[in-house]
Amino acid sequence: MANKEFICICCPRGCHLSVDENFNVSGNKCLRGKEYGAQEARHPVRTLTSFVRVANRDNLVVSVKTDKPIPKQMIFDVLKVLNSFKAYAPLEVGDVLISNILETGSNIVVTKKVI
């Protein structure tokens with residue numbers, strides 16, 4: 014395995030990280046960057062933000078997000094589920110719309126109140 018290169022997103026510095034085959038990280042200026050580089054090389058995850066349709070309101074969508082990061086390679090699969098999902102108002106911030114989406118261990122939660 015060749016070195017993998019990443020730009021750290023943990024702070025505004027944007028350090029250029031290099032991760033070798035033993036997951037040793039170089040280029041980081043803080044411990045968070047070291048952890049980020051190793052995680053990104055081993056198993057990249059992301060918190061997904063999106064929206065779903067509100068079925069009982071005309072032309073309305075509500076913003077949602079995953080409550081825990083999901084594997085990066087599953088983002089488009091989760092988006093397909095969200096595209097066909099319909100929520101029903103009223104909705105409160107934090108309401109769980111989909112539990113354990115695609116068995117990721119993450120829930121889809123509402124991020125904006127809909128009356």
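Each residue of the sequence shown is one higher than the last, beginning at 14 in our numbering. Beta carbons are placed, not taken as given, at the ideal position from N, Cα and C, and that holds for glycine.
Nearest by alpha-carbon distance to residue i: which of the options is it?
i: Ala51; options: Ser39, Thr60 and Leu61; result: Ser39
i: Val127; options: Phe19, Lys93, Ser76 and Asp80; result: Ser76
i: Pro82; options: Ile20, Lys93 and Pro57; result: Pro57
i: Ile22; options: Thr62, Asp90 and Asn41; result: Asn41
i: Glu105; options: Phe89, Val122, Val91 and Asp90; result: Val122
i: Phe89; options: Phe19, Thr62 and Lys99; result: Thr62
i: Lys99; options: Lys17, Leu73 and Asp80; result: Leu73
i: Ala102; options: Asn35, Asn37 and Arg70; result: Arg70
In the DSSP assignment, what residue or residues form a beta bridge with residue i?
i: Pro84; result: Val58
i: Arg66; result: Val74 and Lys99
i: Val127; result: Leu104
i: Thr79; result: Ile121
i: Val32; result: Lys17 and Val38
i: Val109; result: Val122
Would the beta-carbon of residue i fall within 7 Å of that of residue j?
i: Ala54; j: Val32; result: yes
i: Lys78; j: Thr124; result: yes
i: Asn96; j: Val109; result: no
i: Lys17; j: Arg59; result: no
Would you call the segment 112 to 120 in contact with the segment 62 to 74, where contact means no fewer than 3 C-beta pairs closer than 8 Å? The answer is no - the segment 62 to 74 does not touch the segment 112 to 120, with fewer than three Cβ pairs under 8 Å.
Is there contact between the segment 22 to 29 and the segment 39 to 49, where contact requires at least three CB pairs shorter than 8 Å? Yes, the segment 22 to 29 touches the segment 39 to 49.
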